[in-house]
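Under this note's numbering, the first residue of the sequence shown is numbered 117, with each subsequent residue one higher. Even for Gly, the Cβ is constructed at its ideal location relative to N, Cα and C. Reading through the structure tokens given below for one structure.
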Amino acid sequence: MFGKAEDVPVQSIVYDQDFGIPAVAVAVQGSDVLLERPSGWRWSRRYTRLRLATVREKRQFAAIRKLHKQASAHVKPR
Numbered sequence: 117m118f119g120k121a122e123d124v125p126v127q128s129i130v131y132d133q134d135f136g137i138p139a140v141a142v143a144v145q146g147s148d149v150l151l152e153r154p155s156g157w158r159w160s161r162r163y164t165r166l167r168l169a170t171v172r173e174k175r176q177f178a179a180i181r182k183l184h185k186q187a188s189a190h191v192k193p194r
């Protein structure tokens, strides 16, 4: 866990303990941290509910990013 919101490294992969998933820390806004998944889904979480992702969680995130990129490449534009 982090001592204060400013301790959360922006652009690092963190683990949201409420949702149980890793995400990228995009920005710090007061005591909240803006998080993002490879799908583009963004949400805010209080810094006290986050921790740095483990090696396993980072691999999981990389795999999800890769799958999402592959799936997005096959979507036909309207």
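- Judged by DSSP secondary structure, E173 falls within the alpha helix (DSSP H) whose first and last residues are V171 to A189.
- In the DSSP assignment, A139 falls within the beta strand (DSSP E) that extends over I137 to Q145.
- The beta carbon of R172 sits closer than 6 Å to no other beta carbon from its chain once the five residues preceding and following it are set aside.
- Excluding the 5 residues flanking it on each side, F177 has same chain C-beta neighbours closer than 6 Å at I129 and P138, in chain order.
- Taking C-alpha positions only, V126 is separated from V142 by approximately 6 Å.
- Looking only at R181, S160, R161 and R167, the smallest Cα-Cα distance to M117 is reached by R167.
- Looking only at R153, Q145, Q186 and G156, the smallest Cα-Cα distance to R162 is reached by Q145.
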